[in-house]
Amino acid sequence: MLTLDFPGPRSRHRLRRLEIAAPGVQVVHLLDAVRPRDVTARAYARTLLDSAGLAGREVSAIVAHCAAASIARELDRLLRRAGRAGPRLYAINPEPADLDTAAGTLRTFLTEAGSPAGPDDEPLTRAAIGRAEERLFLSHLAEGGRETPGMARMARELAAAQADWVTYLAAAGDPDAPPTGAAEVHVTSRDHPCPPSCVARHLVIGDVAAELFAGRELGALIANADDPGSGTGPDGRAGRDVVTAAYLRRCRRSPALLKLADAVSGPPPASVFEHRALARPFFRPRSDMDDLGDDLLGLFHLLNALPRRFFGDAESFLAAQGQPSRRAEIIRRGCVGALDPYARADAIIQDGSFRVIEFNVGSDIGGVEAALMNRLLLEQDEFRRFAGEFALGHTDTAQVMADLLRAVAGAVVGADDPVVGLIEETGSGGTCRHVARALRARGLRVELGELNQLSTAGGKVTLRGNQPLDVVLRYFFVEHLMHEPDGPALIDDLAQAHRYGRTAFFTPLDSELISNKAVMGLLHHDIVRSGLSSAERALVDRLIPRTRLLGDNFTIVRAAHQRALLDECVERRQDLVLKPAFGNNSVGVLPGARIDAGEWRSMLAAPKLGGYVVQDRVVPDREIVLDPGTGAGVEWDVNWGVFVSGAGYSGSFVRALDDTGGREVIGSSARTRYGVVFTY
Numbered sequence: 003m004l005t006l007d008f009p010g011p012r013s014r015h016r017l018r019r020l021e022i023a024a025p026g027v028q029v030v031h032l033l034d035a036v037r038p039r040d041v042t043a044r045a046y047a048r049t050l051l052d053s054a055g056l057a058g059r060e061v062s063a064i065v066a067h068c069a070a071a072s073i074a075r076e077l078d079r080l081l082r083r084a085g086r087a088g089p090r091l092y093a094i095n096p097e098p099a100d101l102d103t104a105a106g107t108l109r110t111f112l113t114e115a116g117s118p119a120g121p122d123d124e125p126l127t128r129a130a131i132g133r134a135e136e137r138l139f140l141s142h143l144a145e146g147g148r149e150t151p152g153m154a155r156m157a158r159e160l161a162a163a164q165a166d167w168v169t170y171l172a173a174a175g176d177p178d179a180p181p182t183g184a185a186e187v188h189v190t191s192r193d194h195p196c197p198p199s200c201v202a203r204h205l206v207i208g209d210v211a212a213e214l215f216a217g218r219e220l221g222a223l224i225a226n227a228d229d230p231g232s233g234t235g236p237d238g239r240a241g242r243d244v245v246t247a248a249y250l251r252r253c254r255r256s257p258a259l260l261k262l263a264d265a266v267s268g269p270p271p272a273s274v275f276e277h278r279a280l281a282r283p284f285f286r287p288r289s290d291m292d293d294l295g296d297d298l299l300g301l302f303h304l305l306n307a308l309p310r311r312f313f314g315d316a317e318s319f320l321a322a323q324g325q326p327s328r329r330a331e332i333i334r335r336g337c338v339g340a341l342d343p344y345a346r347a348d349a350i351i352q353d354g355s356f357r358v359i360e361f362n363v364g365s366d367i368g369g370v371e372a373a374l375m376n377r378l379l380l381e382q383d384e385f386r387r388f389a390g391e392f393a394l395g396h397t398d399t400a401q402v403m404a405d406l407l408r409a410v411a412g413a414v415v416g417a418d419d420p421v422v423g424l425i426e427e428t429g430s431g432g433t434c435r436h437v438a439r440a441l442r443a444r445g446l447r448v449e450l451g452e453l454n455q456l457s458t459a460g461g462k463v464t465l466r467g468n469q470p471l472d473v474v475l476r477y478f479f480v481e482h483l484m485h486e487p488d489g490p491a492l493i494d495d496l497a498q499a500h501r502y503g504r505t506a507f508f509t510p511l512d513s514e515l516i517s518n519k520a521v522m523g524l525l526h527h528d529i530v531r532s533g534l535s536s537a538e539r540a541l542v543d544r545l546i547p548r549t550r551l552l553g554d555n556f557t558i559v560r561a562a563h564q565r566a567l568l569d570e571c572v573e574r575r576q577d578l579v580l581k582p583a584f585g586n587n588s589v590g591v592l593p594g595a596r597i598d599a600g601e602w603r604s605m606l607a608a609p610k611l612g613g614y615v616v617q618d619r620v621v622p623d624r625e626i627v628l629d630p631g632t633g634a635g636v637e638w639d640v641n642w643g644v645f646v647s648g649a650g651y652s653g654s655f656v657r658a659l660d661d662t663g664g665r666e667v668i669g670s671s672a673r674t675r676y677g678v679v680f681t682y
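With the first letter of the sequence shown counted as 1, position 71 gets the number 73 in this note's numbering; the numbers rise by one all the way through.
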C-alpha cells in the first residue's frame, strides 16, 4: 500500500498516524525514500516508483492526502501500464493545486527570506527551483550567521525543504495530470466537500479534518480495503461498497452492532418484518439509486405507451399478452385512461450493475412501510453514530405514497385532506395494517377495509355504508375481483367514481395492462423492438435480461419461432428461468439450473404449456452478512425492491436468501429475510 502525504517533517504527516497496516500488507510512505525534483506529475510519480523497490510486488491501494491526488493518479496509470493490477485509489480531503499556487508559494518563500523573487512570469522549471533553492540557502545562512555552529546545515535543510514543497505543488498542479476518475474514493470531512461536478465516489467522516483523522474509521477503512464488498467491482469502479466494508469491520468490534437486528425486532409495530429481519442493512451510493430511478421512470413511460403505440388499444394489447379472456375483461373495465408513475422493480446486482427481473406497476406492491425499520435502526446509538460518520440517508416510500395520494385526491376530487380507504381482498384479515399505520403516521386519514365492504352513494364510494372515501387505495388483485360475486359491477363503480371526480382510484387497473411478465417478453419481441428508438433499446438492454414469450397463449408468436425457442430452452437449461406470465410472489418460477434435464424437458413438453416467459438467468453478486451468533461471514443472494414514482427513485428494501439451500428464487418463502437500504 502506497501513501502520499507531503514532503515535510514526518511528525506532521497525518497518513503516517493512521493505523492502516493490515496483515500481509506493507505500507510504503513514498516520500520517505526520495524527494523528487520533477515538476510534472508523471515524472514525479516515475521517480517515486523507481525508488520504492516494488519489483515483483502488487500494489493494493494508493492513499493520497490533500493535493497529492493528481500524483497518485499518475502512479495508478504507471502501474497499470506496467501490467500491474489496478490499485484502489483513496484521496483524503483532496484539494486542487495549480502552477500559479506553486509559483506564488516560491515567491513568498523568497520574499520572506529577503531574496529577490524574480519575474512573475518565470517558468517553474526544475532549474528555476534549483536556483531559487540556492538563493534561499544563502539568505537563511546570512540571517542565522555564517559563524553559528551548524547553521550551514540548517540553512541547507530549510532551503531544500522549501524547494521540495514547491516542486511537490508544481507536480500536483500539473495541468496534464489525469483528471479525477469515477474509480476513485474521496473521503472527506464535511468542511472539505468536493465540488458538485466531481465524478468520484464519496464518503464523509466527521465535520472537520481533525475529526476525520482522529477516529479509527478512516484507518480501518483503508487497512481493510480487501474485505468482502469493499473493492473494485467487475464494472471497474472502486469503492462501491466501502461503507459495507466499514460496517462489517465495525460489527466485528461491536457486539451491539452485530446484534442490531435483535434490538429492533419484536411484535408489530416494532418490526415490519415480523422477526425475519436481516442482520444488517444494505448500502448503496445515492447516485447509483438516482440513476436506476431515472432508468425505471423511463421504463415506466415506455411501457405505458406500448398499447397505443404498437397495438392500437388496450384490448389488442391484452390479447398480445395472452391474457385469459375473463381476466382481460376485468382489467378493461377497471381502466380510467390515466396512470400516475408508481412501481417497484425487483432488481438483482450482477457484475456490479442492476438487472430488473420483474417490474411491478401499481399500488398493490409490498415493502412500502420498510422505512420504519430504517428509523428504528437510527434510534440505536451505535448505528446512529455510524450513519452520521458516513452521512447515510434513506428515502421514505410511505411518505412518497402519502404525497401521491394527496396529489391524486386533489387532482381528481379536489380534496385537500382526503379520507383514504386502504382496501384489501375480502377475508384478508387486515394484512396491510402496517401500511395503514405508516400512512397515518404521515398525516393521512386512513380507513382499512375489504372489497365486500364497498358500496356507492351518489356516485361516491363508501366503506361499510357510512364512510365516504375520497381515495380508494387498491391493495387487491385482479384475481380477487374475479372471485367476488359482484366483481365486475364493483370495478365498474370504482372506475366510474374516478372518471366523474367523486372518488379517486389509486391505482386503477390501467396498471394491470403493463404489470406482468408477458409485457417484458413483448419488449423483446420483434413487433415492439423493431419500433423502439436506439435510446429505448439501450434502456431495455441495460435493465432487463432477455425475456421471450413461450406457450400456447401467445398468438403473436409464430409456431416456427416457438419451436426454435423450445429447442434453445433445452440446450440452455442452466442459463434460463421459466416463469408464469401472470402471477406474483415467485409462485411457479422454475430456474433450469435447479432441476435436472429430464424434468426440464417434461415441463417444456407439457401438452398445454399456456402462458410463460423464459428469461435469461441473472446470478446475483453475493453479499456478506455476519452471523449475529458467531460473527462468521455468510454469503447471501439479494433481491432489491426499488420503488419509482414521478419524482424518480422513491426508496428500496431487500429480500435475501443465505447460501444454505443453494441458489433459489428470492421470493417470499419461509427462508426469505428482509432488510433495509441506506444511501451515501
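Yeah, the Cβ is synthetic: ideal placement off N, Cα and C, and Gly gets one too.
For LYS519, the enclosing alpha helix (DSSP H) covers residues 519–525. Apart from sequence neighbours up to five positions away, the residues of its chain that approach ILE224 with a beta-carbon distance below 8 Å are MET3, LEU20, ILE22, ALA63, VAL65 and TYR92, ordered along the chain.
With a cutoff of 8 Å on beta-carbon distance, THR458 and ASP488 are scored as not near each other.
Non-local beta-carbon contacts of GLU213 in its own chain, meaning distances under 8 Å to residues more than five positions away in sequence, involve SER191 and ILE207 in chain order. Under the criterion of beta carbons closer than 8 Å, ALA440 and LEU534 do not qualify as touching, at roughly 38 Å.
The residue from PRO195, PHE508, GLY460 and GLU452 with its alpha-carbon nearest to that of HIS482 is GLU452. In terms of Cβ geometry, VAL480 and ILE333 form a close pair [threshold 8 Å].
Around the Cβ of PRO118, a 10 Å sphere holds fewer than 16 other Cβ atoms; the residue is exposed. Between the region 173–182 and the region 40–56, the count of C-beta pairs closer than 8 Å reaches three or more; the two stretches touch. Burial of HIS526 is indicated by the presence of at least 16 other C-beta atoms within 10 angstroms of its C-beta. Counting only runs that start and end inside the region 260–340, the beta strand (DSSP E) elements of at least 3 residues fall at 284–286. The count of Cβ pairs closer than 8 Å, one atom from the region 65–85 and one from the region 176–184, reaches three, so the stretches are in contact. Per DSSP, SER365 lies in no alpha helix (DSSP H) segment and is marked neither H nor E. With respect to the 8 Å criterion, CYS68 and PHE8 are classified as neighbours on the basis of their beta carbons. When secondary structure is reduced to three states using DSSP, ALA459 falls in the strand class.
Uninterrupted beta strand (DSSP E) stretches at least 3 residues long and entirely within the region 501–564 occur at 506–508 and 549–552, given in chain order.
The straight-line gap separating the alpha-carbon atoms of ASP293 and THR632 is approximately 37 Å.
Cβ contact annotation for THR674 (same chain, cutoff 8 Å, sequence separation greater than five): ARG278, ARG657, ALA658, LEU659 and ILE668, in chain order. Cβ-Cβ distances below 6 Å link PHE284 to VAL656, GLY677 and VAL679 in the same chain, with the five nearest sequence neighbours on each side left out; the list follows chain order. Around HIS396, the same chain offers ALA373, ASN376, GLY653, VAL678, VAL679, PHE680 and THR681 as residues with beta carbons nearer than 8 Å, after the five sequence neighbours per side are excluded. Residue pairing for PHE478: DSSP places it in no beta bridge. The Cβ-Cβ distance between LEU298 and ALA347 falls below 8 Å. The straight-line gap separating the alpha-carbon atoms of PRO287 and ARG203 is approximately 8 Å.
ASP660 is bridged by DSSP to TRP638. For TYR46, the enclosing alpha helix (DSSP H) begins and ends at 43–54. The Cβ atoms of LEU578 and GLY594 sit closer than 8 Å to each other. The beta carbons of VAL473 and VAL370 sit no closer together than 8 Å. Comparing alpha-carbon positions, the option among GLY612, VAL36 and ASP639 lying closest to GLY553 turns out to be GLY612. For the options PRO125, THR113, ASP123 and GLU186, the alpha carbon positioned closest to that of GLN164 is the one of THR113.
Judged by their CB atoms, SER365 and PHE508 are nearer to each other than the 8 Å cut-off. As DSSP reads the structure, SER654 sits in a beta bridge with VAL644.
The region 600–608 makes no contact with the region 629–645; the number of CB pairs closer than 8 Å stays below 3.
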